[in-house]
Amino acid sequence: KTLKTSELNLLHHYLERSTLTDIQLCTGKHSGQDFPRELQWMTYLKEWHVRRTRICQLPDYLALFTQLTVLDIPKNAITELPPEIGKLTVLRELYVSYNRLSRVPPELGNCEKLERLELAGNHNLSELPFELSSLKQLVHLDIAENRFVSIPICALRMTSLQLLDLSNNCMTDLPQDMDRLEQLVTLFIHKNNFNYLPHCLANITTLATIVVSGDELTCIPTKLCNNPKIKYTDHTYTDFHPAQGVRRRWRDGEKEFIEAYISSLKDRGQFQRQILTFYFTITQKSKI
Numbered sequence: 248k249t250l251k252t253s254e255l256n257l258l259h260h261y262l263e264r265s266t267l268t269d270i271q272l273c274t275g276k277h278s279g280q281d282f283p284r285e286l287q288w289m290t291y292l293k294e295w296h297v298r299r300t301r302i303c304q305l306p307d308y309l310a311l312f313t314q315l316t317v318l319d320i321p322k323n324a325i326t327e328l329p330p331e332i333g334k335l336t337v338l339r340e341l342y343v344s345y346n347r348l349s350r351v352p353p354e355l356g357n358c359e360k361l362e363r364l365e366l367a368g369n370h371n372l373s374e375l376p377f378e379l380s381s382l383k384q385l386v387h388l389d390i391a392e393n394r395f396v397s398i399p400i401c402a403l404r405m406t407s408l409q410l411l412d413l414s415n416n417c418m419t420d421l422p423q424d425m426d427r428l429e430q431l432v433t434l435f436i437h438k439n440n441f442n443y444l445p446h447c448l449a450n451i452t453t454l455a456t457i458v459v460s461g462d463e464l465t466c467i468p469t470k471l472c473n474n475p476k477i478k479y480t481d482h483t484y485t486d487f488h489p490a491q492g493v494r495r496r497w498r499d500g501e502k503e504f505i506e507a508y509i510s511s512l513k514d515r516g517q518f519q520r521q522i523l524t525f526y527f528t529i530t531q532k533s534k535i
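According to the numbering used here, the sequence shown holds residues 248 to 535 in order.
Given below as structure tokens:
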């Protein structure tokens, strides 16, 4: 049934006084490529959860939702974020992973209350606008599974970051000023093309977990190697045969790493602070 204007007005009047605060759309409940027009009447909503649909763009009335704090829209067919997203000034969480984004609008930098931003798995995404440097309250940034060749400059200016996921991109090195992220706890950089880790990582005293993989990694800073809290886990040592004590140390650390890694995947907001863990696969190792 299509509601008449008078009926929509009545519904809107009622819903404004209801306890409804979020809307959820998913496969089977919504098969169209656009958001339902009726949604424009529900500007009191604080959360959108839209997953696994064929929706390819956000509605033109998005800017009306000034109370929105959570925009959860992963695994759709969204090709762009409109500039109007910058008007959602109380937005705290934005999840746009596994869509079809190729760029992020600079207006997103106006969402200065943003705490969690996930853009993983968009594949054609290769840069972030400098304007995102203003996201000083961001604690969680996930840009895994894209085409970044280097860490975005804006990310190094997100001084509250606690978790940074750069995994599965096309990076070959990390900048020497990574220690600007003084509150960083968890760093995922596996499935890139790193052959060394920068010395500056040893200066981040809050760092508890680093995940690195790949046979390209051959050098680790001495300060990190000598840190007694580091647990090494190696799954395919071939030419490199560590001493028995080190090998045992790796085995002891494996369980802790797996538990920390799975925990981070379940809830990236929970951080393991007790131990600094390296996960990597190498053929030989040298100190620098």
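Here a beta-carbon is modelled for each residue, glycine too, at the ideal position from N, C-alpha and C.
Is the separation between the beta-carbon of residue 347 and that of residue 324 shorter than 7 Å?
Their beta carbons are under 7 Å apart, which means residue 347 touches residue 324 by this criterion.
I think residue 340 touches residue 356, with their Cβ atoms under 8 Å apart; what is that distance to the nearest whole Å?
With a Cβ gap of about 16 Å, residue 340 and residue 356 do not count as contacting.
Going by alpha carbons, who is nearest to residue 457 out of 411, 371, 422 and 291?
411
Return the bridge partner residues of residue 453 from the DSSP annotation.
Bridge partners of residue 453: none, in fact.
Where does residue 312 sit, in a helix, a strand or coil, going by DSSP?
Per DSSP, reduced to three states, the secondary structure at residue 312 is coil, with no helix or strand assignment.
Just curious, the beta strand (DSSP E) that residue 341 is in, first and last residue?
340-342
Delimiting residues of the beta strand (DSSP E) encompassing residue 433:
433-435
Which residues share a DSSP beta bridge with residue 348?
Answer by DSSP bridge pairing: none, since residue 348 is not bridged.
Does DSSP classify residue 410 as helix, strand or coil?
strand
Ignore the nearest five residues each way along the sequence and tell me which others in residue 549's own chain have a CB closer than 8 Å to its CB.
The chain is shown only over 248 to 535; residue 549 falls outside these bounds and no answer can be derived.
Cα-Cα separation between residue 455 and residue 308, rounded to whole angstroms:
Near 42 Å, if we compare the C-alpha coordinates of residue 308 and residue 455.
Whole-angstrom distance between residue 404 and residue 369, CA atom to CA atom
23 Å
Give the DSSP-derived three-state secondary structure of residue 426 in the structure shown.
helix
Going by beta-carbon coordinates alone, are residue 421 and residue 385 separated by less than 7 Å?
Against a cut-off of 7 Å, the Cβ pair of residue 385 and residue 421 comes out as no contact.
Other residues of its chain near residue 440: CB distance less than 6 Å, five sequence neighbours each side excluded
419 and 463
Find out if the Cβ-Cβ distance for the pair residue 343, residue 320 is shorter than 7 Å.
yes
Among the residues of its own chain, which have a CB less than 6 Å from the CB of residue 331, if the five just before and after it don't count?
309 and 310
Anyone know if the C-beta pair for residue 430 and residue 453 falls short of 7 Å?
yes
DSSP has residue 364 in a bridge; who is on the other side?
341 and 388
Please report the residue range of the beta strand (DSSP E) in which residue 288 lies.
It is not in any beta strand (DSSP E) - residue 288 carries neither H nor E in the DSSP assignment.
Report the CB separation of residue 381 from residue 359 in whole angstroms; it is logged as a contact under 8 Å.
6 Å
Please state if the CB of residue 305 and the CB of residue 335 are separated by a distance shorter than 7 Å.
no
Let's see if you can read the secondary structure: which residues bound the beta strand (DSSP E) around residue 319?
317-319
Rounding to the nearest angstrom, what Cα-Cα distance links residue 300 and residue 363 in this structure?
22 Å
Give a yes or no on whether the C-beta atoms belonging to residue 436 and residue 413 are separated by under 7 Å.
yes
Quick one: is residue 283 buried, meaning 16 or more other Cβ sit within 10 Å of its Cβ, or exposed?
exposed
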